[in-house]
Amino acid sequence: MKDNIALIGFMGSGKTTVGKLLAKTMDMKFVDIDKVIEAQEKKSINDIFHENGQIYFRDLEREVILQESLKNDCVIATGGGSILDNENIKRLKETSFIVFLNATVKCLYLRLKDSTTRPILNDAEDRKKLIEELLEKRKFLYQISADYIVDINEYTNIYETIDKIKEAYIIS
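Our numbering puts the first residue of the sequence shown at 641, with every later residue one more than the last.
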């Protein structure tokens, strides 16, 4: 059994929400990679993207994942695009049981349609179409990176999701 559980998935899939509850029920520490970056930079992810660009953000994300994945007994909520960097996945594979929260487009759209904190979506004319396009590009990476996949839709019960992840982690 690996020391940590890392949650991957598209923005809005529930990594932070599931991660907090999962960590609590398993008596593990919760780490939100985006929150660690915001604390280190003393600015929001939106501001980092706007002021420094996506490449700068991805570099920060890689450093923080490297640093946080070295800890033990953590549930790590990664950013939605963290799987775009092979180094992130390589590091997480070494230290963590990786769970892909595989949310449907409908579920993601319902959760993200009014969000103002997602820099990639902020300027989109058609959010649903952009979500579909980005998810299509990333889905294979999420799938091949995961040790376990949990399907999520707008009706999914968080406690059932937690139970599935706990069971899969324990038998891994």
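Where a beta carbon is used, it is the ideal one built from N, C-alpha and C, also for glycine.
Computed from a predicted structure; not experimentally measured.
Name the two residues that bound the continuous alpha helix (DSSP H) containing residue i.
i: Asp679; result: Before going on, a small fix: residue 679 reads as Ala here, not Asp. Ala679 -> alpha helix (DSSP H) spans Ile673 to Glu681.
i: Asn686; result: Ile685 to Ser709
Of the residues the options, which one's Cα is nearest the Cα of residue i?
i: Lys664; options: Ser812, Val715, Glu691 and Tyr782; result: Val715
i: Asn726; options: Thr744, Arg702 and Lys806; result: Arg702
i: Phe780; options: Gly649, Asp803, Asp643 and Leu706; result: Gly649
i: Ile673; options: Gln707, Asn692 and Leu661; result: Gln707
Measuring only the C-alpha atoms, how far is residue i from residue j?
i: Leu775; j: Gly721; result: 10 Å
i: Asp667; j: Leu732; result: 20 Å
i: Ser709; j: Phe737; result: 11 Å
i: Ile771; j: Lys683; result: 25 Å
i: Asp791; j: Asp687; result: 32 Å
i: Tyr809; j: His690; result: 38 Å
i: Thr656; j: Glu800; result: 16 Å
With the cut-off set at 9 Å, would you say residue i and residue j are in Cβ contact?
i: Ile723; j: Arg778; result: yes
i: Ile805; j: Tyr782; result: no
i: Phe670; j: Ile685; result: no
i: Ala717; j: Asn793; result: no
i: Asp713; j: Asn644; result: yes
i: Thr729; j: Leu700; result: Contrary to the premise, residue 729 reads as Ile rather than Thr in this sequence. In this structure, Leu700 does not lie closer than 9 Å to Ile729 by Cβ.
Considering just the uninterrupted stretch of the beta strand (DSSP E) at residue i, what are its terminal residues?
i: Ala743; result: Ser736 to Ala743
i: Tyr795; result: Here Tyr795 belongs to no beta strand (DSSP E), and DSSP marks it neither H nor E.
Mark residue i as exposed unless 16 or more other C-beta atoms lie within 10 angstroms of its C-beta, in which case mark it buried.
i: Phe740; result: buried
i: Ile695; result: exposed
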